[in-house]
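Chains A and B, in that order, are what the protein sequence lines are. Heads up, the first sequence is in the working numbering, so the first residue is 1 and it goes up one at a time. Heads up, the second sequence is in the working numbering, so the first residue is 1 and it goes up one at a time. Taking it in order: structure first as structure tokens, then the write-up.
2 protein chains.
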Amino acid sequence: MGIKVYKVGGNVVENEDSLLRFCRQFASIEGPKVLIHGGGVMASAIQKELGQHPIKIEGRRVTDEETLKVVTMVYSGWCNKHITALLQAHGCNAIGLSGCDANVITASRRAPKLLMDGITTVDYGFVGDVSSASVNVEFLTELLDLGITPVLCAINHDGKGQLLNTNADTVASSVAAALKATLYCCFELNGVLKDINDPDSIIPTIYEDDFQNMKSDGTISEGMIPKIENCLKTVKDGAVSAIIRSADLESDCNGTEIKICKN
Amino acid sequence: MGIKVYKVGGNVVENEDSLLRFCRQFASIEGPKVLIHGGGVMASAIQKELGQHPIKIEGRRVTDEETLKVVTMVYSGWCNKHITALLQAHGCNAIGLSGCDANVITASRRAPKLLMDGITTVDYGFVGDVSSASVNVEFLTELLDLGITPVLCAINHDGKGQLLNTNADTVASSVAAALKATLYCCFELNGVLKDINDPDSIIPTIYEDDFQNMKSDGTISEGMIPKIENCLKTVKDGAVSAIIRSADLESDCNGTEIKICKN
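This is the structure:
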């Protein structure tokens, strides 16, 4: 059976009711599967409680030493273990992992980056980038063969002792591509919608060519663009397919499949 | 080769220099090995920063819901992943685990306990107890056979979705007994000392019978008693041997072996 890789975002993880439902539903999915989760809202909340000031630039959290401690505590600690314990309770033999664990994902620290304004250079700190080549396919396959479900957060390492804060969507994409799996990006909507106010207006398939037009004519909202781009990259990098769908896994909606071309 | 189980306490883990040295030395130990670590000092510090009030009764942290989040973040998150990344950097293929991960250790929630005063009953909250029967020997053995080194913290689960705060010494003892390993309890001294001010006054072996006398005549200091009792229990429960020693693994001192009887 093909491997299924699920990505679930902070909005689902950080609402206890939706997390409980997701874990119950995810646990009952048959066949080899992997879960990648976020947790950014809770990280920002804890940062504020500790008197830190979360800074995001172009959607990425600037990660100094203190921020790295908090995101590692929240993603690798609370979120990852809470989810894993819930899955175990529903009969899914889950194992919560960060990239350093059995060297499952390595990341390279991001060099200071020139922003889109063409003027400002930003040092993101302990932020890393991952790709499908960074994924330890051998170990993940060993776990899947043992009937174990890896649960990954977006804390990875550089192999030289440094933990790095990475992006959960990119981690999910890299893992799905490396495992030649199907990627399911799960979130609070039913898929990519023609009309954000109409939950039934799901676009069943988006092809790369159409996507360019949809971006220009505004059919697709701002927030969906990086998700679709991430799915396109996932398929190009070797995944079987990539689908944007509801985090309610028992929903009748199949979501939106993102494809390269019509053949 | 026999399995070696190392326990390292908070004093070593929370001093960056001693942690770096320990990880470098631990990484170079040959043969199958497991590490169990603490992290209580950092947990108390973060609790205070978050405006919580750490409460310990008879050495155990009373763990309400908010405390459980903090200890899970600190032990399973920061400490566990930081140590694992450092070991990876030194060529040791470590995997950081909490009890929920692949169901590696289950714990049972502690019932409210009558204190030694015989009057007060205390509810420790989300505190659990573990034993050698709670250890998933099959999975730990699979990891060791793959050349992977498990790094365990003292956050475990009840199998019903609840994480539980447990005691790292008891976890180490349970794992060593279940794996029929040698337990090394590593700390800042060279072993059990006759004279706390003389680092060379190491008692090479303590037998259970002698221990009772040493307790009565005050040869052994208050703080060492639970460590020795933990080692005695470890050997009784099936470990090959149990040794209290320096966390400087390159030290010439062999530490103190704790034995049941002279045969």
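Where a beta carbon is used, it is the ideal one built from N, C-alpha and C, also for glycine. Just so you know, these numbers come straight off a predicted model, no measurement behind them.
In chain E, which residues lie less than 7 Å from residue i when you measure between Cβ atoms?
i, result
"B/S18", "Here the protein chains are A and B, and chain E is not one of them."
Give a yes or no on whether the C-beta atoms belonging to residue i and residue j are separated by under 9 Å.
i, j, result
"A/I3", "A/T182", "yes"
"A/G99", "A/A107", "yes"
"A/I228", "A/I244", "yes"
"B/W78", "A/T72", "yes"
"B/I57", "B/N93", "no"
"B/S246", "B/F187", "yes"
"B/C253", "B/N197", "no"
"B/V151", "B/I83", "yes"
"B/E208", "B/C261", "yes"
"B/V34", "B/V74", "no"
"A/V62", "A/D123", "yes"
"A/N136", "A/I105", "yes"
"B/N80", "B/V41", "no"
"B/Q162", "B/R109", "yes"
"B/C23", "B/H90", "yes"
"B/L20", "B/L86", "yes"
"B/D64", "B/G125", "yes"
Taking all protein chains shown into account, decide if residue i is buried (16 or more other Cβ within 10 angstroms of its Cβ) or exposed.
i, result
"A/N213", "exposed"
"B/H53", "exposed"
"A/L115", "exposed"
"A/I220", "buried"
"A/E257", "buried"
"B/D169", "buried"
"B/T234", "buried"
"A/P112", "exposed"
"A/S267", "Here chain A covers residues 1 to 263 and nothing more, so residue 267 of chain A does not appear."
"B/S44", "buried"
"B/D200", "exposed"
"B/M1", "exposed"
"A/A133", "exposed"
"B/S216", "exposed"
"A/D158", "buried"
"B/S76", "buried"
"A/P204", "exposed"
"B/E66", "exposed"
"A/K69", "buried"
"B/K259", "buried"
"B/G59", "exposed"
"A/E14", "buried"
"B/D101", "buried"
Taking the DSSP output, what are the residues bridged to residue i?
i, result
"A/G125", "A/T63"
"A/L183", "A/V5, A/A242"
"B/A94", "B/T149"
"A/V135", "A/I105"
"B/V34", "B/V5"
"A/H157", "A/T106, A/L163"
"B/T256", "B/I244"
"B/K113", "B/V122"
"B/K56", "B/R61"
"A/L193", "A/I202"
Within 9 Å (strictly less), CB to CB, does residue i reach chain A?
i, result
"B/C186", "no"
"B/Q162", "yes"
"B/C100", "yes"
"B/E58", "no"
"B/T84", "yes"
"B/K259", "no"
"B/I247", "Per the sequence shown, residue 247 of chain B should be read as Ala rather than Ile. Not one chain A Cβ lies under 9 Å of B/A247."
"B/I3", "no"
"B/L146", "yes"
"B/A172", "no"
Say whether chain B places a C-beta atom closer than 9 Å to the C-beta of residue i.
i, result
"A/D129", "no"
"A/T72", "yes"
"A/T166", "no"
"A/T67", "no"
"A/Y75", "yes"
"A/G38", "no"
"A/G31", "no"
"A/A107", "no"
"A/N190", "no"
"A/G51", "yes"
"A/I155", "yes"
"A/E142", "yes"
Please determine whether the Cβ atom of residue i lies at a distance below 8 Å from any heavy atom of the ligand FMN.
i, result
"A/I3", "Ligands in the displayed structure: none, and consequently the ligand FMN is not present."
(request) Identify every run of the alpha helix (DSSP H) within the region 200-229 of chain A, keeping only runs that are complete inside it and at least 4 residues long; order them along the chain. (result) Runs of the alpha helix (DSSP H) inside the region 200-229 of chain A: 208-217.
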